[in-house]
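One structure below.
Residue numbers (my numbering): 90 to 417.
Here it is, written out as structure tokens:
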């Protein structure tokens, strides 16, 4: 996106937040939702579905406006908008919140769950549900955790063990738990905006990426990074949060309607990843990628060293582990 176009889009989005006439129709209650993902992404589609369902259930009393693709700024900016009451709702990465709430790192514990089906159960279980209460300390109401698939490794050059990755530069989402994970492998974690990842791989700015199958396929990263190691070492959760000011202004029935609607649409989101992850993997194999599997041993001492750092900081790790082990 050209800078002029981006500035124009951002300015229009900001005006929609600041100007009541743009933010809501007469007699309706606005529900302004921000996310960093584009319209084609399942996260944005989930919020579209929330908006439509709220309008239908309320007989038009709620009118949602979705601001995808970071139109309102990055996630840190949207968190500030939520805290100030300028944005009503966000569907944001737990990764960004882990920079503010150490216990959210528990949801990135290596090899906590093996796949998206188990991840969906854990993220709706009692421990994760209880963790939503922590968002009150940030001036928000946590409504539910969703998912963005499992994490894997793509690279320009193959690697049989984590030792082969030492000295390489890998694109990561910049948050402390993941940064520690890669630094423990002597990999240089390198933040690159997702729209620029294809070019960063092409020109050697990075040697690989920590990625999910959806983005590896949709961004055509296989053209520049033909090696895919299926590690599933972490899940990548997203959280639906509502501004505390917005939540306080809703009556009891409205709160129940919004909570139930978000829960229903997050269930839809889980179903998409359970269905599509195998399809994306087959599609990636069809490109001729060198696809290999890896067990936890691939990471050597990285996992116990990560645990030693984060178990004292994220007390929910032990409860999540116990719950994960009990999943059918």
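Built from N, CA and C at the ideal position, the CB exists for glycine as well.
Whose C-beta lies closer than 8 Å to the C-beta of residue i among residues of the same chain, with five residues either side of it excluded?
{"i": "residue 397", "result": "none"}
{"i": "residue 415", "result": "none"}
DSSP has residue i in a bridge; who is on the other side?
{"i": "residue 379", "result": "316"}
{"i": "residue 242", "result": "299 and 318"}
{"i": "residue 181", "result": "328"}
{"i": "residue 236", "result": "326"}
{"i": "residue 152", "result": "119"}
{"i": "residue 277", "result": "258"}
{"i": "residue 81", "result": "The displayed coordinates of the chain run from 90 to 417. Any statement about residue 81 would go beyond what the structure contains."}
What are the start and end residues of the beta strand (DSSP E) that includes residue i?
{"i": "residue 288", "result": "Run containing residue 288: none in the beta strand (DSSP E); it sits in the alpha helix (DSSP H), 286-291."}
Measure the Cβ-Cβ separation of residue i and residue j and say whether it is below 9 Å.
{"i": "residue 251", "j": "residue 389", "result": "yes"}
{"i": "residue 193", "j": "residue 331", "result": "no"}
{"i": "residue 243", "j": "residue 182", "result": "no"}
{"i": "residue 403", "j": "residue 195", "result": "yes"}
{"i": "residue 303", "j": "residue 131", "result": "yes"}
{"i": "residue 258", "j": "residue 297", "result": "yes"}
{"i": "residue 143", "j": "residue 346", "result": "yes"}
{"i": "residue 154", "j": "residue 119", "result": "yes"}
{"i": "residue 227", "j": "residue 294", "result": "no"}
{"i": "residue 316", "j": "residue 274", "result": "no"}
{"i": "residue 278", "j": "residue 263", "result": "yes"}
{"i": "residue 256", "j": "residue 276", "result": "yes"}
Quick one: measure Cβ to Cβ for residue i and residue j, integer angstroms, because I've assumed they're closer than 8 Å.
{"i": "residue 240", "j": "residue 299", "result": "6 Å"}
{"i": "residue 229", "j": "residue 333", "result": "6 Å"}
{"i": "residue 324", "j": "residue 208", "result": "4 Å"}
{"i": "residue 149", "j": "residue 117", "result": "7 Å"}
{"i": "residue 306", "j": "residue 373", "result": "6 Å"}
Among residues of its own chain, excluding the 5 on either side of residue i, which ones have a beta-carbon nearer than 6 Å to its beta-carbon?
{"i": "residue 234", "result": "212, 217, 326 and 328"}
{"i": "residue 114", "result": "Interpretation of residue 114 is limited by its pLDDT of 44, a score under 50 that renders its predicted location unreliable; the figure taken from the coordinates is listed afterwards. Same-chain partners within the cutoff: 152."}
If you follow the alpha helix (DSSP H) that residue i is in, where does it begin and where does it stop?
{"i": "residue 259", "result": "Premise fails: residue 259 lies in the beta strand (DSSP E), 258-260, not in any alpha helix (DSSP H)."}
{"i": "residue 282", "result": "No alpha helix (DSSP H) contains residue 282, which DSSP labels as neither H nor E."}
{"i": "residue 146", "result": "131-146"}
{"i": "residue 396", "result": "391-399"}
Just to confirm my understanding: we take residue i, look at its own chain, exclude 5 residues before and 5 after, and list those with CB closer than 7 Å. What are they?
{"i": "residue 351", "result": "139, 232, 233 and 329"}
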